[in-house]
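What follows is a set of notes on a single structure, which appears directly below.
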Amino acid sequence: MKAVLLAGGLGTRISEESHLKPKPMIEIGGRPILWHIMKIYAAHGVNEFIICLGYKGYVIKEYFANYFLHMSDVTFDMANNRMEVHHRHAEPWRVTLVDTGESTMTGGRLRRVQEYLEPGQPFCFTYGDGVADLDMAAQFAFHRAHGRQATVTAVQPPGRYGALVRNGDTVAGFEEKPRGDGGWINGGFFVLQPEVIDLIDGDATPWEAEPMQRLAQSGQLQAFEHAGFWQPMDTLREKNFLEELWQSGQAPWKCW
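Residue numbers (this note's numbering): -12 to 243.
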């Protein structure tokens, strides 16, 4: 199975770092969050990636072109014009980088990479700025079992603030960042059949708008509930939260 990753947006809500690099290249634990997402997929047997580039896409191209330099010790022999890479940390990945335009919407980016997908074969689709401890094997099995065109991961976002536990007017304790209002939202990890791309009109079409609505209206969209860890990285506060989890050695999404 292949995975299509969206990595072309501007990331304006985390402009403290995205003015220098694409948001998927912002680092958690010294590695781009894009790398973390790919490692999650790889841990579940998905090793072929199609990455939709846009804003500062050359940064992502240069990262993969120099992957060994980023991941390994290296010796440069200046006198003999040679480079020796030590302890190569090779990933069994095949990565296709596709320029899908700076202003293209999410659906348009998916449409632009259609030629790199296998006809009739389901594929994964996600954003380049969120991580989860998702059981992808269970999600893949769920998608195959229901036989519809699309599976969306449904999550309950964490609350932003802690809550008071009250007994009348008396505060009995505190609940740190409880779940939100109990509603389930689009968690951004999809499994799709290639024919869903026919629902995308062009570059200006957001995937989350008409294509998903038409899938829902036709009964072709199924929800895979994920009650575990899920965290997007839309703001600097969320980036710092993910960094703290990684540095603690207990990052919930680290399944490799």
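Using N, Cα and C, we set each Cβ at its ideal position, and we do this for glycine too.
request  = Locate the alpha helix (DSSP H) running through residue 127, then write down its first and last residues.
outcome  = 123 to 133
request  = Sort 181, 133 and 94 by Cα distance to residue 106 and report the nearest one.
outcome  = 181
Residue 173: first and last residue of the uninterrupted beta strand (DSSP E) it sits in = 172 to 179
key: Secondary structure of residue 233, DSSP reduced to three states   = helix
ask   = Where do the N-terminal and C-terminal ends of the alpha helix (DSSP H) with residue 63 fall, by residue?
value = Note, residue 63: premise wrong, no alpha helix (DSSP H); beta strand (DSSP E) at 60 to 64.
key: Segments of 4+ residues assigned as alpha helix (DSSP H) that fall wholly inside the segment -11 to 72   = 2 to 5, 20 to 30, 44 to 52 and 54 to 58
query = For residue 79, does the count of other Cβ atoms within 10 angstroms reach 16, so buried, or fall short, so exposed?
reply = exposed
task = Go to residue 222, then tell me how far its alpha helix (DSSP H) extends in each direction, as first and last residue.
result = Where residue 222 is concerned, there is no enclosing alpha helix (DSSP H), given that its DSSP letter is neither H nor E.
key: residue 207, DSSP secondary structure in three states   = coil
request  = Determine which residues share a DSSP beta bridge with residue 153 and list them.
outcome  = 158
Residues bridged to residue 110 [DSSP beta-bridge criterion] = -11 and 179
message = So, with DSSP's three-state summary, where would you put residue 94?
response = helix
key: Neighbourhood of residue 0 by C-beta, 6 Å cutoff - its chain only, sequence neighbours within 5 removed   = 221 and 222
query = Whose CA, out of 92, 212, 104 and 173, lies closest to the CA of residue 126?
reply = 212
Other residues of its chain near residue 178: CB distance less than 7 Å, five sequence neighbours each side excluded = 109, 111, 126, 127, 130 and 138
message = Can you give me the C-alpha to C-alpha distance between residue 73 and residue 59, rounded to a whole angstrom?
response = 6 Å
ask   = Contact check, residue 40 vs residue 82 under 8 Å by CB: the rounded distance?
value = Not quite, the Cβ-Cβ distance comes to about 11 Å (not below 8 Å), so this is no contact.
inquiry  = Can you tell me where the beta strand (DSSP E) holding residue 84 begins and where it ends?
reply    = 81 to 86
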